[in-house]
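Okay, so here's the structure we're looking at.
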Amino acid sequence: MLTRIKNRILMLLKKIPTPFIICNSISILLLILVIIYAQKFAPPVDGLFIPPATPRYPTAGLLTHTFEVLCSIPPVICGFTFFIIRRINPNNSNNFFLLGSTILTTGFFFNEIYRTHIILQYFDIAKLTTIRVYGVILIVYLSLFWKTLRETPLGIMITAFSLIIIAVLIDSFYSYFPMKSLLIEGVPKLLGMINFTLYFCLVCYQTILNTWKELE
């Protein structure tokens, strides 16, 4: 009886997909590391799971949360497209571009959700310094993939980057503005992210479509 149960359990374990094991193992490991760090260097560990503040009125933060949701789309769609295309055609000329775009958009997403440029100030790294580093990363990205970018809806990308850069500059020099309003930064930031998301959706869709046609 025990042998049958043991064999049954082993059979079930063998059916567990490898991605499931890898994903959960990494997640648990990271969770343990964060908890250990919080216990040693931060306030109570329970603070890691503090829910977002309750809005003072129904529309408070509505567009901010919309922006954050939009931030999550490009890294997911770029990463998914990269893994699919790489599996179908490892020699596809867009693979490196998709990987670079995944890294760039993931970094942007993490910065916006986890406020990296703000948190780094706790370690005496000025916000302006962090923004400059991000600027260098953006220039490297544009330099590496300029040829590929020219074959995509570049106008949408330029519009998106221009609006986001305007928002970043407003945020950096907000204290110098005579009129204090979050709309000054928020509007171009949201519009920039809408176009940024639209651009990568169109690019990834076209890449998958072209790869599919090549297989026919």
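Residues 74 to 289 in the numbering used here are what the sequence shown spells out, letter by letter. Beta carbons are placed, not taken as given, at the ideal position from N, Cα and C, and that holds for glycine. Note that this is a predicted model, so its numbers are computed, not measured.
**Where Y272 falls, given that 16 or more other Cβ within 10 Å makes a residue buried** = Locating residue 272 in the sequence shown gives position 199, counting from the first residue. Classification for Y272: buried.
**Prompt:** Whole alpha helix (DSSP H) runs in the region 107-168 with 4 or more residues, listed along the chain?
**Reply:** 135-161
**Request:** Would you kindly check if the distance between the Cβ of M266 and the Cβ of L140 is under 8 Å?
**Result:** For the purposes of this step, residue 140 is taken as residue 67 along the sequence shown, with counting starting at 1. For the purposes of this step, residue 266 is taken as residue 193 along the sequence shown, with counting starting at 1. Here residue 140 is Phe; the residue named in the question, Leu, does not match the sequence. Result yes, Cβ atoms of F140 and M266 sit closer than 8 Å.
**Item:** Selected residue, minimal CA-CA separation from I186, among L143, I210, K220 and F155
**Value:** In the sequence shown, residue 186 corresponds to position 113, counting from 1. For the residues L143, I210, K220 and F155, the minimum Cα distance to I186 belongs to L143.
**Request:** Going by CA-CA distance only, name the one from I238, T178 and G173 that's closest to R205.
**Result:** On the sequence shown, position 132 is the one that residue 205 refers to. Cα-wise, what sits closest to R205 is I238.
**Item:** Assigned secondary structure, D197 (DSSP; H/G/I helix, E/B strand, else coil)
**Value:** Here the question's residue 197 lines up with position 124 in the sequence shown. Coil at D197, not helix or strand.
**Item:** Extent of the continuous alpha helix (DSSP H) to which I89 belongs
**Value:** Working through the sequence shown from its first residue, we reach residue 89 at position 16. No alpha helix (DSSP H) contains I89, which DSSP labels as neither H nor E.
**Request:** Under 8 Å Cβ to Cβ from D119, same chain only, skipping five residues before and after it: list those, please.
**Result:** Within the sequence shown, the letter at position 46 stands for residue 119. Around D119: no qualifying Cβ.
**Validate contact between the region 254-264 and the region 194-210 using beta carbons, cut 8 Å, 3 pairs** = no
**Request:** Kindly list the residues whose CB is nearer than 7 Å to the CB of S174, restricted to its own chain and excluding five residues on each side of it in sequence; keep chain order.
**Result:** Sequence index remark: in the sequence shown, residue 174 carries index 101 (1-based). Setting aside the 5 residues that flank it on each side, S174 is surrounded in the same chain by C151 and F273, each with a C-beta closer than 7 Å to its C-beta; the list follows chain order.
**Request:** Could you check the C-alpha separation between R160 and I243 for me, to the nearest Å?
**Result:** Position 87 of the sequence shown, counted from the first residue, corresponds to residue 160. Position 170 of the sequence shown, counted from the first residue, corresponds to residue 243. About 42 Å.
**Request:** Apply the 10 Å Cβ neighbour rule to F114 and answer buried if 16 or more other Cβ atoms are within range, or exposed otherwise.
**Result:** Taking the sequence shown and counting its residues from 1, one reaches residue 114 at position 41. When all chains shown are included, F114 counts as exposed.
**Span of the alpha helix (DSSP H) around F269** = In the sequence shown, counting from the first residue as 1, residue 269 sits at position 196. Start and end: L255 to L288.
**Request:** Please state whether DSSP places R223 in a helix, a strand or coil.
**Result:** Along the sequence shown, read from residue 1 onward, the residue named residue 223 stands at position 150. Correct three-state label for R223: helix.
**Request:** State the CB to CB distance for the pair E293 and A240, rounded to an integer number of angstroms; the pair is presumed to be in contact (CB under 8 Å).
**Result:** Absent from the model: residue 293. The displayed extent of the chain is 74 to 289, so no value can be given.
**Asked** Mind checking if A240 is an interface residue toward chain B, Cβ cutoff 8 Å exclusive?
**Response** Among the chains of the structure shown, chain B does not appear; only one protein chain is present.
**Asked** Could you give the distance in angstroms between the alpha-carbon of C277 and the alpha-carbon of L103?
**Response** Counting from one through the sequence shown, the residue named residue 277 turns up at place 204. Counting from one through the sequence shown, the residue named residue 103 turns up at place 30. One C-alpha to the other measures close to 30 Å.
**Message:** Please return the same chain residues whose Cβ sits closer than 6 Å to the Cβ of F155, not counting the five positions on each side in sequence.
**Reply:** Translated into positions along the sequence shown, residue 155 becomes position 82. So the list reads L171, L172 and T175, once near-sequence residues are dropped.
**Request:** Could you check if H190 is buried or exposed, using at least 16 other CB atoms within 10 Å of its CB as the buried criterion?
**Result:** Here residue 190 refers to the residue found at position 117 of the sequence shown. The residue is buried, with at least 16 neighbouring Cβ atoms inside 10 Å.
**Item:** Straight-line Cα distance separating V107 from S100
**Value:** Your numbering for residue 100 matches position 27 in the sequence shown. Your numbering for residue 107 matches position 34 in the sequence shown. If you take the alpha carbons of S100 and V107, they lie about 11 Å apart.
**Buried versus exposed call for N167 [16 or more other C-beta atoms within 10 Å across all chains shown]** = As a working note, residue 167 is residue 94 in the sequence shown. Under this definition N167 is a buried residue.
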